[in-house]
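The listed protein sequences correspond, in order, to chains A and B. Residues in the first sequence are numbered from 61 upward in steps of one, following our numbering. Residues in the second sequence are numbered from 32 upward in steps of one, following our numbering. Built from N, CA and C at the ideal position, the CB exists for glycine as well. Contents: one structure, followed by commentary.
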Amino acid sequence: MQLQVDKVTLSFGGVQALSQVSLEVDKGELVSVIGPNGAGKTSLLNCISGFYHPSSGRITFEGHDLTHAPPHLVTRYGIARAFQNIELFTGMTVLENLLMARHTFGHYSLWDNLWFYGRALRVSVENRRICEEIIDFMELEPYRKALVGDLPYGVRKRVEVARALALSPKLLLLDEPMAGMTLEEKEDMVRFILDIRAERGTTIVLIEHDLGVVMDISDRVYVLDFGQVIASGLPEEVSRNPRVQEAYVGVEHGA
Amino acid sequence: MRNPWAQTGNYRTSYAQDTTIFFNYREILSVGLLLVALCLLPLFLERSQVLVLNFILIYAIAVLGLNITTGYAGLISVGQAAFMGVGAYTVALSAPSLPFWLTIPLGGLVAALAGFLVGIPSLRVKHLYLALATLAFQEIFVWVVGRSPALAQGSAIPVEMRNFLGLEITFRNHNYFWYYVILFVLVVLVVAWRNLLRGKYGRALIAVRDNDRAADAMGMDPGRTKLFAFALGAFYGGVAGGLLAYMQRAVVVEEFTLVRSVALLAMAIVGGLGTVVGSILGPAFIEFLRLGVERLSEWMKANPFIQSITPAGVDVASALLPLSFGLVIVLFLMFEPRGLYNWWRLVRSYFRNWPFRY
Numbered sequence: 061m062q063l064q065v066d067k068v069t070l071s072f073g074g075v076q077a078l079s080q081v082s083l084e085v086d087k088g089e090l091v092s093v094i095g096p097n098g099a100g101k102t103s104l105l106n107c108i109s110g111f112y113h114p115s116s117g118r119i120t121f122e123g124h125d126l127t128h129a130p131p132h133l134v135t136r137y138g139i140a141r142a143f144q145n146i147e148l149f150t151g152m153t154v155l156e157n158l159l160m161a162r163h164t165f166g167h168y169s170l171w172d173n174l175w176f177y178g179r180a181l182r183v184s185v186e187n188r189r190i191c192e193e194i195i196d197f198m199e200l201e202p203y204r205k206a207l208v209g210d211l212p213y214g215v216r217k218r219v220e221v222a223r224a225l226a227l228s229p230k231l232l233l234l235d236e237p238m239a240g241m242t243l244e245e246k247e248d249m250v251r252f253i254l255d256i257r258a259e260r261g262t263t264i265v266l267i268e269h270d271l272g273v274v275m276d277i278s279d280r281v282y283v284l285d286f287g288q289v290i291a292s293g294l295p296e297e298v299s300r301n302p303r304v305q306e307a308y309v310g311v312e313h314g315a
Numbered sequence: 032m033r034n035p036w037a038q039t040g041n042y043r044t045s046y047a048q049d050t051t052i053f054f055n056y057r058e059i060l061s062v063g064l065l066l067v068a069l070c071l072l073p074l075f076l077e078r079s080q081v082l083v084l085n086f087i088l089i090y091a092i093a094v095l096g097l098n099i100t101t102g103y104a105g106l107i108s109v110g111q112a113a114f115m116g117v118g119a120y121t122v123a124l125s126a127p128s129l130p131f132w133l134t135i136p137l138g139g140l141v142a143a144l145a146g147f148l149v150g151i152p153s154l155r156v157k158h159l160y161l162a163l164a165t166l167a168f169q170e171i172f173v174w175v176v177g178r179s180p181a182l183a184q185g186s187a188i189p190v191e192m193r194n195f196l197g198l199e200i201t202f203r204n205h206n207y208f209w210y211y212v213i214l215f216v217l218v219v220l221v222v223a224w225r226n227l228l229r230g231k232y233g234r235a236l237i238a239v240r241d242n243d244r245a246a247d248a249m250g251m252d253p254g255r256t257k258l259f260a261f262a263l264g265a266f267y268g269g270v271a272g273g274l275l276a277y278m279q280r281a282v283v284v285e286e287f288t289l290v291r292s293v294a295l296l297a298m299a300i301v302g303g304l305g306t307v308v309g310s311i312l313g314p315a316f317i318e319f320l321r322l323g324v325e326r327l328s329e330w331m332k333a334n335p336f337i338q339s340i341t342p343a344g345v346d347v348a349s350a351l352l353p354l355s356f357g358l359v360i361v362l363f364l365m366f367e368p369r370g371l372y373n374w375w376r377l378v379r380s381y382f383r384n385w386p387f388r389y
């Protein structure tokens, strides 16, 4: 197992955002986490990426303990994340945003940086090349030098995913990458996600509300409700599960 | 065939080229000419005029440092003068035993250490609260120096430098000698400053300023980045302080008080935050403003009419300087928040494609 979330509990005061949540993701899998609003999906992602630390339980990734690791350390282990409410550097261009993500791959010292000749230049050009590949891959060429703040919402979402890719992750966490998109943008994004997996072999954990998309592309699905995993398994198993149907459409009383 | 002297578009063809600072040969040439002009300038100036230039260039170095801490990393610092002071006192204490080309970097390093320590509150507090922490450091510095017998309790400590590689430094050539030293240091630090942004260390500063959550997710440690911003900014301040100590042949604590810190912040704002050009134009503007105001107040003192309308015992002249500083800052924040740099930018973009309009 590449990622293991073992009985994680997270509480804010009296509210239990997550209770005893366990989740396992294998290398190369595309696993979706679904659930109604407030079920704890984003909290779970925050725990994995280090923004929250669970009050009990354990998270491991390729042998590294992530339970108390800060986000920048989690990133160094090879986990990248695209945020739900876009967290780009709005005053910078698309290219600069992607270059930011190459921070941990800038293998040069402060002196190299201040002199900026030889090593620093070489490493920077290499990082630029990798960013350009990702720009090609995510079809962002027309926006390369556009300020992110000026771009439409759908494109920004794509930049957000592109920036996560620029971290060359082994595991990609996507938090509602299609929320608020038009149908066409959604179709593009699904294609991108499938391509990422096919071409780069990246493991993907996806949070999404569009059940059609989730059931079509996921290998396995976890369903969260009120901070608990109420079902997991293959998409068709999950969609037939009565508890899942209850959580999503409610139960008919007095029938 | 493209003409690298009058480039009308972006003709960069490799990633390496795209990291370059200068857009075309004309820009490289103009910077070269500027440097030559700066080297020749003192030949046409009197000793007292070179002194003014020296002050401007020293403040430019300190403002460059402030532009790292405040301009790039967005951490408001009102302690830059104290960092200058740390550098100056380091130089004053080590000058008798070490040559100046060692004491000045040493002053920078000790100031960087101080900056690192002052930066520690930035791990927990932000914005105005952080500004207060730097203010506290500024006040503590003056207080400690004022009570240390080893530092002459803030009164003048002489800093002597009589000889450099056989060249005797006398009262006559003192200002000229230090002008070239300061110019050299400034050029080195400007190159480093400008290169900082081309690489990951400078970019991390901006990332942490713009969105520290996202910066964290990019693998940047926001805490370390902020400490780095303080340390590097203080290093520039320390070097400036060391140069000031040599230039004035003495260190006095009055040079490094809160008023000077605020003046440095004013220079950074007037010049334009986060720019090299602004870091030099700002100090120049404020220094010339100071000279102008001093001349005006002398005239006012001598003018019988103004003397007759001011109440007895009130010195209008001494109130004029802080008043004009305040006015200038307010006017700039209101009408040109991007500072003098913006004017420079407009002029330059006009000439960039000259003789074409665009």
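Problem set entry | Sequence ranges, alpha helix (DSSP H) only - wholly within the region 101-163 of chain B, length at least 4 | 111-125 and 131-150
Exercise. If we call anything under 8 Å between Cβ atoms a contact, is L234(A) one with A99(A)?
Worked result: Position 174 of the first sequence holds residue 234(A). Position 39 of the first sequence holds residue 99(A). Not a contact, by the Cβ cut-off of 8 Å.
For this session: For chain B, find out if any of its Cβ atoms is closer than 8 Å to the Cβ of T135(A); answer yes or no.
Result: Translated into the one-based positions of the first sequence, residue 135(A) becomes position 75. By this cut-off, T135(A) is an interface position.
Problem set entry | Presumed contact (8 Å Cβ cut-off) between I139(A) and K217(A), rounded CB distance | The residue you call residue 139(A) lines up with position 79 of the first sequence. The residue you call residue 217(A) lines up with position 157 of the first sequence. The pair is not a contact, with the Cβ atoms about 19 Å apart (cut-off 8 Å).
Exercise. Bridge partners of A142(A), per DSSP?
Worked result: Position 82 of the first sequence, counting from 1, holds the residue named residue 142(A). DSSP output for A142(A) lists L234(A) as bridge partner(s).
For this session: Determine whether the Cβ of Y381(B) lies closer than 8 Å to any Cβ atom of chain A.
Result: What you label residue 381(B) is simply residue 350 of the second sequence in a count that begins at 1. With 8 Å as the cut-off, Y381(B) does not count as an interface residue toward chain A.
For this session: Report yes or no: is there a C-beta of chain B within less than 8 Å of the C-beta of L174(A)?
Result: Numbered from its first residue, the first sequence carries residue 174(A) at position 114. True, the Cβ-Cβ gap to chain B drops below 8 Å.
For this session: Compare the C-beta of L159(A) against all C-beta atoms of chain B and say whether one is closer than 8 Å.
Result: Within the first sequence, the letter at position 99 stands for residue 159(A). Chain B contact via Cβ: present.
Exercise. Ends of the beta strand (DSSP E) at G293(A)?
Worked result: As a working note, residue 293(A) is residue 233 in the first sequence. Here the beta strand (DSSP E) through G293(A) covers Q288 to G293.
Exercise. From the DSSP output, which residues share a beta bridge with S71(A)?
Worked result: As a working note, residue 71(A) is residue 11 in the first sequence. DSSP output for S71(A) lists Q76(A) as bridge partner(s).
Exercise. Taking DSSP as the reference, what is the three-state secondary structure of A283(B)?
Worked result: Within the second sequence, residue 283(B) is the residue found at index 252, counting from 1. For the sequence presented, residue 283(B) should be read as Val rather than Ala. Coil at V283(B), not helix or strand.
Exercise. From F261(B) to V109(B), what distance separates their C-alpha atoms?
Worked result: Stepping through the second sequence from its first residue, residue 261(B) is reached at position 230. Stepping through the second sequence from its first residue, residue 109(B) is reached at position 78. Straight-line Cα distance between these residues: approximately 12 Å.
For this session: Pick out whichever of Q111(B), V324(B) and V190(B) has its Cα sitting closest to the Cα of S128(B).
Result: Start at 1 with the first residue of the second sequence, and residue 128(B) comes out as number 97. Here the closest residue by C-alpha is V190(B).
For this session: Could you list the residues in the region 121-135 of chain A with a C-beta less than 9 Å from some C-beta on chain B, going in chain order?
Result: P130, P131, H132, L133, V134 and T135
Problem set entry | Other residues of its chain near A246(B): CB distance less than 8 Å, five sequence neighbours each side excluded | Here residue 246(B) is taken as the residue at index 215 of the second sequence, counted from 1. Here the set comprises A235, A238, V239, P253 and T256.
Exercise. Start and end of the alpha helix (DSSP H) containing F86(B)?
Worked result: Residue numbering aside, residue 86(B) sits at position 55 when the second sequence is read from its first letter. R78 to L97 is the span of the alpha helix (DSSP H), which, as asked, contains F86(B).
Problem set entry | When I87(B), N204(B), P73(B) and L76(B) are compared against V308(B), the one with the closest alpha-carbon | Taking the first residue of the second sequence as 1, we reach residue 308(B) at position 277. Ranking I87(B), N204(B), P73(B) and L76(B) by Cα distance to V308(B) puts I87(B) first.
Problem set entry | Beta-carbon contacts of L263(B) that lie in its chain and below 6 Å, excluding the five residues immediately before and after | Position 232 of the second sequence, counting from 1, holds the residue named residue 263(B). Excluding residues within five positions, the ones whose Cβ falls inside 6 Å are I99.
Exercise. Just the Cα atoms here: how many angstroms apart are V221(B) and G302(B)?
Worked result: For this step, residue 221(B) is matched to residue 190 along the second sequence. For this step, residue 302(B) is matched to residue 271 along the second sequence. Going by the C-alpha atoms only, they are around 15 Å apart.
For this session: Could you confirm whether any beta carbon from chain A is found closer than 8 Å to the beta carbon of T50(B)?
Result: Walking along the second sequence from the start, residue 50(B) turns up at place 19. Cβ-Cβ to chain A under 8 Å: yes for T50(B).
Exercise. Taking 8 Å as the CB-CB limit, is L236(B) close to chain A?
Worked result: What you label residue 236(B) is simply residue 205 of the second sequence in a count that begins at 1. It does not: the Cβ of L236(B) has no partner Cβ on chain A nearer than 8 Å.
Exercise. In chain order, what residues of the same chain have a beta carbon less than 7 Å from the beta carbon of Q184(B), not counting five sequence neighbours either side?
Worked result: The residue you call residue 184(B) lines up with position 153 of the second sequence. Answer for Q184(B): G177 and R178, listed in chain order.
For this session: Indicate the three-state DSSP secondary structure (helix, strand or coil) for V309(A) in the structure shown.
Result: Taking the first sequence and counting its residues from 1, the one referred to as residue 309(A) is at position 249. Helix.
Exercise. Using a Cβ-Cβ distance under 8 Å, would Y249(B) count as near chain A?
Worked result: Position 218 of the second sequence, counting from 1, holds the residue named residue 249(B). According to the sequence shown, residue 249(B) is Met rather than Tyr. Yes, M249(B) lies at the interface with chain A (some Cβ there is under 8 Å from its Cβ).
Problem set entry | Backbone secondary structure at N206(B) - three-state DSSP | The count along the second sequence starts at 1 and reaches residue 206(B) at position 175. Three-state result, N206(B): helix.
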